[in-house]
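Working notes, structure below.
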Amino acid sequence: EGCLEQLNGMFAFCIYDTHERTAFLARDRFGQKPIYLAELDGRLVYASEIKALMAAGVEARPDLATWSRYLVSASYDDNAATYFAGISQLLPGECATWTPGKGLSRRRYYDIAEHAIERQVNADEAAAETRDLLLDVARLHMRADVPVAIALSGGLDSSALLACLDAAGELNEDVKCFSVDFGAALS
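Residue numbers (the numbering used here): 4 to 190.
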């Protein structure tokens with residue numbers, strides 16, 4: 004479990020201990036990568052997509068309470084429940100241990116509210132710190148063992164990402180940029 008403090012980025016994983024017959028599962032701090040869980044015939048089934056759980060034999064039954072909540076208030080994905088009965092998800096910043104006979108035990112390992120620091124800064128300081136954070140993120144996300152590409156939408160976010168990569172010294176001829184033109188709008 005101590006590895007969670009060392010990880011930076013998006014992840015969802017399971018580590019199975021063959022000696023203790025326990026599983027340790029975790030999801031990244033902000034929930035960018037999903038992990039869905041179900042117990043089936045005394046064993047734990049998990050995957051990054053619900054359809055994989057169904058392929059493993061989990062029955063596709065609706066969770067009526069989740070559906071009702073969504074239809075009444077448009078609330079969804081803010082708790083461990085899914086639209087399927089018997090299938091839950093780890094929440095962002097949550098980990099769990101599963102043991103045969105005992106089942107699943109969950110805990111929060113990260114809560115953003117515990118890390119938020121209120122402080123007074125002026126606009127120039129805030130801009131400099133934001134720039135530094137964005138450049139650090141650009142450097143971190145360029146660590147890859149596969150080719151990296153950027154999809155340019157013409158919007159602010161993809162243009163800012165490209166500018167950050169350049170400012171961080173990470174933009175080179177190996178980074179491919181793509182943009183799509185769908186032609187004239189149909190009337």
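We treat Cβ as the ideally placed atom computed from N, Cα and C, and that holds for glycine.
Computed from a predicted model, the values in this text were never measured in an experiment.
9 Å Cβ cutoff met for residue i and residue j
i           : j           : result
residue 170 : residue 145 : no
residue 159 : residue 180 : no
residue 103 : residue 87  : no
residue 242 : residue 30  : The structure shown has nothing for residue 242, since the chain only spans 4 to 190.
residue 99  : residue 107 : yes
residue 142 : residue 173 : yes
residue 36  : residue 15  : yes
Exposure of residue i, with buried meaning 16 or more beta-carbon neighbours within 10 Å
i           : result
residue 110 : exposed
residue 167 : buried
residue 136 : exposed
residue 38  : buried
residue 62  : exposed
residue 154 : exposed
residue 97  : buried
residue 85  : buried
Whole-Å CB distance - residue i paired with residue j, under 8 Å assumed
i          : j          : result
residue 41 : residue 89 : 5 Å
residue 76 : residue 83 : No, residue 76 and residue 83 are not in contact; Cβ-Cβ is about 17 Å, not under 8 Å.
residue 95 : residue 33 : 5 Å
residue 56 : residue 50 : 5 Å
Same chain, Cβ closer than 7 Å to residue i, five either side skipped, listed in chain order
i         : result
residue 1 : Given that the chain is displayed from residue 4 to residue 190, the structure contains no residue 1 and the question cannot be resolved.
8 Å Cβ shell around residue i - same chain, five flanking residues per side excluded
i           : result
residue 162 : 155
Beta-carbon proximity list for residue i, same chain, < 6 Å, skipping 5 on both sides
i         : result
residue 3 : One cannot answer for residue 3 here, as it falls past the ends of the chain, which runs 4 to 190.
Contact test: residue i Cβ vs the ligand ATP heavy atom, cutoff 8 Å
i           : result
residue 176 : Looking at this structure, you won't find the ligand ATP or any other ligand, since it has none at all.
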